[in-house]
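Residue numbers (the numbering used here): 2 to 193.
Take a look at the structure set out below.
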C-alpha cells in the first residue's frame with residue numbers, strides 16, 4: 002500500500018537535490034548525482050505539459066526510514082509562503098523498485114503544484130472568509146481548478162465531512178469510498 006502525500010520527516014533523509022530553472026533540471030545543489038533521480042525527472046518532464054515545470058524550484062530525492070501505514074513514493078511542498086515555487090521529492094529506493102507507480106504518483110503530486118499556485122489559491126485568506134474550500138493552506142479562488150473540482154465531485158455534503166487539517170490517508174477515505182463508488186479509491190476519497 003502506497004501513501005502518496007505524507008512524509009515521515011523524523012525517519013527520512015534528503016540525499017540529493019537539483020535546482021529547477023525555467024522548467025529544466027538544473028545544477029546539482031545537494032548530495033551526489035543520482036541516475037534514479039535523473040530518470041525520474043525525465044519521466045516527469047515527459048508527462049507534464051510544456052511550461053508547467055516552471056513552478057518547480059527544486060527536484061530532490063530522499064531515503065526513507067522505517068515508515069508505518071505504507072510507503073511515501075513522492076511528495077510536494079512549497080518553497081515560500083506565497084506558493085510561487087515548489088519542491089518535488091521522490092523516494093529513491095521505491096522509484097527504482099516501482100517506476101510505473103512512481104510515474105502515476107508524480108502525476109498526482111504535480112497536480113498539487115498546478116492547483117496551488119497563487120492564481121489558484123489565496124494562502125493569506127482566513128478560513129471563515131473562504132467561499133469555496135479552505136484546504137488548510139489557503140482558500141481556492143472562485144475560478145480555480147480545485148474550486149470547480151469541489152463543486153463537481155464533492156457536493157451533497159461530502160465536502161462538509163472533510164477536516165482540512167487531517168492528513169490524507171487511505172484509512173481516512175475508506176468509509177467514504179465504500180459508501181460512494183464514484184471515488185477511484187480510498188485515498189481519493191480522503192479529501193479533494
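Just so it is clear, CB atoms sit at the ideal spot from N, CA and C, and this is done for glycine as well.
All values reported here derive from a predicted model rather than from experimental measurement.
One Cα belongs to residue 193, the other to residue 147, and the distance between them is close to 8 Å.
Counting every other CB atom within 10 Å of its CB across the protein chains shown gives residue 151 a total of 16 or more, marking it as buried.
Ranked by how close their Cα comes to the Cα of residue 112, the residues 20, 13, 54 have 54 in first place. In the three-state scheme derived from DSSP, where H, G and I count as helix and E and B as strand, residue 164 is classed as coil. Secondary structure of residue 81 (DSSP, three-state): coil. Distance check between residue 49 and each of 62, 37, 169, 105 places 105 closest, using alpha-carbon atoms only. Residue pairing from DSSP places residue 25 in a beta bridge opposite 22. With a 10 Å radius around the Cβ and a threshold of 16 neighbouring Cβ atoms, residue 95 comes out buried.
Taking 9 Å as the cut-off, the Cβ atoms of residue 60 and residue 18 count as close.
Assigned with DSSP and collapsed to three states, residue 90 falls in strand.
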